[in-house]
Amino acid sequence: MVRGLYSSASGMITKQAQMEALSNNISNMNTIGFKRDKVITKPFEEVMLVNKDKYVGGKPFKRKIGSMGFGVGIDEVVTSFEQGFLEETGRNLDFAIEGDGFFTLADGNGNEKYSRDGRFKIDENGYLTNSDGLRVIGMDPNGSKAEIRVSNPDFKISNDGYFDSVNGRTKFCISHFQDSKALTKNAENTYTSNGQLAYNGTAKIHQCFVERSNVDAIEAITDMLTISRSYESNQKVLQQIDETIGKAVNEVGSIR
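See below:
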């Protein structure tokens, strides 16, 4: 009976974590370039139940009854990097990536960060930055990386992906990762990584477009209802077991 308490409690904890991830997805439904998260669960190791109430030749005979589960736990939180819908904005400094990869950004300490949010602006020094002031990194035809400093705010990307900057012909430095699990999501809609990366693959850049989040509203609402009902079911089971244990302690076990 006590095992049932643990199973129900573990189910409630897991559903709460799933609800938190889902709520974060819904709250970022309109965040440009946002990628949804999903909590992956795993069952605890099952235990084989046996009894020895049967005797063969005067000796107890072990008989397997079956396995008993002990609930579920959180395995990992996985980010889905599926392509989001590309929306045309008409704004010259809006860019969207079609395919795999991330815009490469540099913080004030020279560390690289990565994002699918291509809403850029030009700071007072002429550098192309994201909304948080991180400078966008570009790459010249020789493969040298540098922060992008534009000479003309109305620049246009050519068919080969290049545009004119202060440093000459430049294109966006698009970073690719062989293992997406090496990416760590940050609060400002960027990622950091300790994994192996490559630059400038087959991704296509669209100017005057942004990539919407890949959160599906209908799917998110459906999942929320399912998780909520599952949480309530575990809660009712836990209450029932708690009441049964209370009666066993206070009524069945009392001396009359």
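According to this note's numbering, the sequence shown is numbered sequentially starting from 46. Just so it is clear, CB atoms sit at the ideal spot from N, CA and C, and this is done for glycine as well. In this text, all values refer to a predicted model and were calculated from it rather than measured experimentally.
Query, Result
"Roughly how many whole angstroms lie between the Cα atoms of Leu228 and Met184?", "22 Å"
"State whether the segment 188-197 contacts the segment 261-274, with contact taken as three or more CB pairs (one from each stretch) at a distance under 8 Å.", "no"
"With 16 as the cutoff for other CB atoms within 10 Å, does Lys80 come out buried or exposed?", "buried"
"Any chance you could list the beta strand (DSSP E) runs of at least 3 consecutive residues sitting entirely within the segment 144-208, in chain order?", "147-151, 157-160, 180-184 and 190-192"
"Does the distance from the CB of Asn75 to the CB of Ser196 come in under 8 Å?", "no"
"Is Lys281 buried or exposed, if buried means 16 or more other CB atoms sit within 10 Å of its CB?", "exposed"
"Please confirm if the segment 120-136 is in contact with the segment 207-221, defined as three or more CB-CB distances below 8 Å between the two stretches.", "no"
"Taking a contact to mean a Cβ-Cβ separation below 8 Å, would you say Glu132 touches Phe254 in this structure?", "yes"
"Examine the Cβ distances between the segment 165-185 and the segment 284-292 and report whether three or more of them are shorter than 8 Å.", "no"
"Would you check if the segment 171-181 and the segment 238-254 touch, i.e. whether three or more CB-CB distances between them fall below 8 Å?", "no"
"Could you check the C-alpha separation between Ile85 and Gln61 for me, to the nearest Å?", "13 Å"
"Need the endpoints of the alpha helix (DSSP H) that Ala265 sits in, please.", "Ala262 to Lys292"
"Tell me whether Lys80 sits in a helix, a strand or coil according to DSSP, three-state version.", "coil"
"Could you check if Thr289 is buried or exposed, using at least 16 other CB atoms within 10 Å of its CB as the buried criterion?", "exposed"
"So, with DSSP's three-state summary, where would you put Glu233?", "coil"
"Only counting the same chain, and skipping five residues up and downstream in sequence, which positions put a Cβ closer than 7 Å to that of Arg136?", "Cys253"
"What would DSSP say about Glu133, mapped onto helix, strand or coil?", "strand"
"Exposed or buried, Ser55, counting other C-beta atoms within 10 Å across all chains shown (16 or more means buried)?", "buried"
"Suppose contacts are defined by Cβ-Cβ distances below 8 Å. Is Ile219 in contact with Gly129 by that definition?", "no"
"Near Ala66, what residues of its chain come up, given a Cβ to Cβ distance below 7 Å and the 5 sequence neighbours on each side ignored?", "Asp82, Lys83, Val84 and Val122"
"DSSP beta-bridge partners for Asp224?", "Answer is none; Asp224 lacks a bridge partner."
"Between the Cα of Lys226 and the Cα atoms of Glu256, Leu150 and Ser238, which residue gives the shortest distance?", "Ser238"
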